[in-house]
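Quick note on numbering: the sequence shown equals residues 600 to 1120 in the numbering used here.
Okay, structure first, notes after.
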Amino acid sequence: MFNASLLALVIVVALVAGIVVGFILKQMLTAKEIKSSKTLMARIAEEAKKEAETIKKEAILQSKENLLKMKAEFDSETKEKRGDFDAREKRIRSKEENLDKRIDGLAQKESSIEGRDKLITNKEAVIEERRRKLDAILEEQQEKLEKVAGMSSEEAKKILIQSMEADAKLDAAAIVRKIEDEAKLTADRKSQEIVAYAIQRYAGDVVAEKTVSAVNLPSEEMKGRIIGREGRNIRAIEAATGIDLIIDDTPEAVVLSSFDPIRREVARISLERLIQDGRIHPGRIEEIVKRVKVEVDQIIRETGEKASFDAGVHDIHPEIITLLGSLKYRTSYSQNVLQHSMDVSYLAGIMAAELKLNVKEARRAGLLHDIGKAVDHKIEGTHAAIGADYAKRFGENPRIVQAIATHHDDGRNNTLLGVLVQAADTLSAARPGARREMLETYVKRLEGLEKIAHSFNGVDKCFAIQAGREIRILVENEKISENDATMLCKDIIKKIESELTYPGQIKVTVIRETRVSDFAK
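So, in structure tokens, the structure goes:
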């Protein structure tokens, strides 16, 4: 029992000792853990401190690097700005120097200008003094001129102004007329080409046949037989034919005179047949004249028909055919009117074809435009009006009638067909040699132009060219200046306009030539 109690005691003691030992061990372990924790905490704190110091050092180094970098950038920027400032300072100094120089120059110029002002003031004073003297002299001369001329300066000014106004009006009128003429002539270049083309294509005879009014005799004895006993034969011839028979000192020829070309032709043929037959007495004369009248009427009809056929114009009234054929014996300025009408018909047709107009109408109007000349010696009025009246009476188209009536008008109220006929009529009459008077008029115009040019001083040579439409004048260089040449041209134009009669316009060219020559040595 004791052992058991002792064992229990031992066990209790052991348990207590175990518990104490366990507690002590636990306390020791706890103290050790606490100590190790403190050590760990100290180490962590140390490491944290070291890391903090490291971070601090790195932050200080980074800050220093940033500061150095900022300082370098600041220094660089400062240096750059300083360089800009230096450059600007240099430019400012340079500008200041330039300004100083300019100020010095302006000061010099100002001083020179002041000197010039003084000089100009002095010269103005001298000029003013001279002007006063000149004014006094001019007033004195003006008074003398007024005494000599017998009029005041105001009156002279009025006369001069009136003269200048008149000259200006004349010049303006001449310029206006020239512009109008040039506009008419150059309004359409195509018209010139058509006219030139028509002239080139038409190849009519240059000189038309002229109807003679003289009859040749085989001998002088025949004059007595034509006169007859107591003049009965010549009276019978004049009564039958309606012409005047002139027998004068012209050897072996008698002259037939009549305003009617057909009567003159009948008388000519009748007289020639009487001379050939030899039997000349009143009865025979009347017989021959009647027969010849029938033959001439037949010739007139055939001539008119042939002309209309050749011109390509058909369906013409017989009366108009007769008028057309009778133009064979009618002349105008030595130009045969029938041949002239044929020319106008061809030319009008050619120009109408170029303008894409009615060629048949143009030819018809051209052929009939002068039919009034067949009877204008019998009827009062112009041949254009007479011809238009006949054409209207015998059923011609109103356009044809209008073209016939207006082929000598100014063209302002004319039709295109009338203008074509007018142009063709002018072309036919203006061809070289078509009219005898053309050559004489042409030569006289040339002589008149050259005579007018030579009447002025300083003219060396002059040449009338372009069929009298232009005159070129060479003047002496020593006597005529450039301005004088201009005035000379105007003076010659005025004299030509006042003294000459001419169609269209005349171009006056004054040539003043200066020649300088030397030798290269």
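Each residue gets a CB set at the ideal place from its N, CA and C atoms; glycine is no exception.
Check whether the Cβ atoms of residue 941 and residue 910 lie closer than 8 Å to each other. Position 342 of the sequence shown, counted from the first residue, corresponds to residue 941. Position 311 of the sequence shown, counted from the first residue, corresponds to residue 910. For residue 941 and residue 910, yes; Cβs fall inside 8 Å.
According to DSSP, is residue 815 helix, strand or coil? The count along the sequence shown starts at 1 and reaches residue 815 at position 216. Reduced to three states, the DSSP call for residue 815 is strand.
Given 8 Å, three or more beta-carbon pairs between the segment 937-957 and the segment 978-991: No, the segment 937-957 does not touch the segment 978-991.
Helix, strand or coil: how does DSSP classify residue 979 here? Within the sequence shown, numbered from 1, the residue matching residue 979 stands at position 380. Reduced to three states, the DSSP call for residue 979 is coil.
Would you kindly report the start and end of the unbroken beta strand (DSSP E) that includes residue 840? Position 241 of the sequence shown, counting from 1, holds the residue named residue 840. Premise fails: residue 840 lies in the alpha helix (DSSP H), 831-840, not in any beta strand (DSSP E).
Reduced DSSP secondary structure (H/G/I, E/B, other) of residue 855: Position 256 of the sequence shown, counted from the start, is the residue given in the question as residue 855. Correct three-state label for residue 855: strand.
For residue 813, which of 1059, 842 and 1003 has the nearest alpha-carbon? For the purposes of this step, residue 813 is taken as the residue at position 214 of the sequence shown. Checked all of 1059, 842 and 1003; the closest Cα to residue 813 is 842.
Comparing C-alpha positions only, which one of 680, 1018, 1048 and 892 sits nearest to residue 1104? Locating residue 1104 in the sequence shown gives position 505, counting from the first residue. With respect to the C-alpha of residue 1104, the residue from 680, 1018, 1048 and 892 having the closest C-alpha is 1048.
Same chain, Cβ closer than 6 Å to residue 807, five either side skipped, listed in chain order: By 1-based counting over the sequence shown, the position of residue 807 is 208. Because the pLDDT of residue 807 is 37, which lies under 50, any placement of that residue in the model is unreliable, and the number read from its coordinates should be weighed accordingly. Counting only Cβ-Cβ distances below 6 Å, and skipping sequence neighbours, we find 934, 935 and 938.
Quick check: the Cα distance between residue 1200 and residue 903, rounded to an integer number of angstroms? As displayed, the chain neither begins before 600 nor continues past 1120, which places residue 1200 out of reach and without an answer.
Count the other CB atoms, across all protein chains shown, that sit within 10 Å of the CB of residue 1113; report buried if there are 16 or more and exposed otherwise. Position 514 of the sequence shown, counted from the start, is the residue given in the question as residue 1113. Classification of residue 1113: exposed, given that the 10 Å Cβ count is below 16.
Using CA coordinates, which residue listed in 912, 922, 858 and 675 is at the minimum distance from residue 896? Against the sequence shown, residue 896 aligns to sequence position 297. Closest by C-alpha distance to residue 896, out of 912, 922, 858 and 675, is 922.
By the 10 Å Cβ neighbour count, where 16 or more other Cβ atoms means buried, how is residue 1020 classified, buried or exposed? Against the sequence shown, residue 1020 aligns to sequence position 421. Counting Cβ neighbours within 10 Å, residue 1020 comes out buried, since at least 16 surround it.
Could you check whether residue 818 and residue 851 sit closer than 8 Å to each other, using their CB atoms as the reference points? By 1-based counting over the sequence shown, the position of residue 851 is 252. By 1-based counting over the sequence shown, the position of residue 818 is 219. Yes, these two residues count as a Cβ contact at 8 Å.
Excluding the five sequence neighbours on either side, which residues of its own chain have a C-beta within less than 6 Å of the C-beta of residue 1007, listed in chain order? Taking the first residue of the sequence shown as 1, we reach residue 1007 at position 408. Answer for residue 1007: 983, listed in chain order.
Identify which residue in 728, 1094 and 1084 has its Cα closest to the Cα of residue 1054. Looking up residue 1054 in the sequence shown gives position 455. Here the closest residue by C-alpha is 1094.
Per DSSP, residue 578 forms a beta bridge with which residues? One cannot answer for residue 578 here, as it falls past the ends of the chain, which runs 600 to 1120.
Give the secondary structure of residue 721 by DSSP, where H, G and I count as helix, E and B as strand, and everything else as coil. On the sequence shown, position 122 is the one that residue 721 refers to. Residue state, collapsed to three classes: helix.
Looking at the structure shown, is residue 626 part of a helix, part of a strand, or coil, going by DSSP? On the sequence shown, position 27 is the one that residue 626 refers to. Correct three-state label for residue 626: helix.
Using three-state DSSP, classify residue 845 as helix, strand or coil. Reading the sequence shown from its first residue, position 246 is the one you call residue 845. Here residue 845 sits in strand by DSSP.
If I follow the unbroken beta strand (DSSP E) through residue 1063, where does it start and stop? Position 464 of the sequence shown holds residue 1063. Taken as a continuous stretch (DSSP letters only), the beta strand (DSSP E) holding residue 1063 covers 1058-1064.
Exposure of residue 701, with buried meaning 16 or more beta-carbon neighbours within 10 Å: Counting from one through the sequence shown, the residue named residue 701 turns up at place 102. The residue in question, residue 701, is exposed, as its Cβ has fewer than 16 Cβ neighbours within 10 Å.
Can you tell me whether residue 833 is buried or exposed? The criterion is at least 16 other CB atoms within 10 Å of its CB, across all chains shown. For the purposes of this step, residue 833 is identified with residue 234 of the sequence shown, where counting begins at 1. Result: buried.
Between residue 962 and residue 944, how many whole angstroms is the CB-CB distance? I'm expecting something under 8 Å. Along the sequence shown, read from residue 1 onward, the residue named residue 962 stands at position 363. Along the sequence shown, read from residue 1 onward, the residue named residue 944 stands at position 345. Yes, residue 962 and residue 944 are in contact; Cβ-Cβ is about 5 Å, under 8 Å.
Give the DSSP bridge partners of residue 934, in chain order. As a first step, residue 934 must be located in the sequence shown, where it is residue number 335. Beta-bridge pairing by DSSP links residue 934 to 931.
Burial state of residue 627, where buried means 16 or more other Cβ atoms lie within 10 Å: The residue labelled residue 627 in the question sits at position 28 within the sequence shown. With fewer than 16 other Cβ atoms within 10 Å, it is exposed.
Please go through the same chain and pick out, in chain order, the residues whose beta-carbon is closer than 8 Å to the beta-carbon of residue 1068, but skip the five residues on each side of it. Position 469 of the sequence shown, counting from 1, holds the residue named residue 1068. The answer, listed in chain order, is 1103, 1104, 1105 and 1106.
Outcome for residue 965 when other beta-carbon atoms lying within 10 angstroms are tallied against a minimum of 16: The residue given as residue 965 occupies position 366 in the sequence shown. Per the 10 Å Cβ criterion, buried.
Per-residue burial, residue 741 [other beta carbons within 10 Å of its own, 16 or more giving buried]: If you number the sequence shown from 1, residue 741 lands on position 142. Exposed is the call here.
Cα-Cα separation between residue 931 and residue 1089, rounded to whole angstroms: Position 332 of the sequence shown holds residue 931. Position 490 of the sequence shown holds residue 1089. Going from the Cα of residue 931 to the Cα of residue 1089 covers about 38 Å.
Taking all protein chains shown into account, decide if residue 976 is buried (16 or more other Cβ within 10 angstroms of its Cβ) or exposed. To locate residue 976, count along the sequence shown from 1; it is residue 377. Result: exposed.
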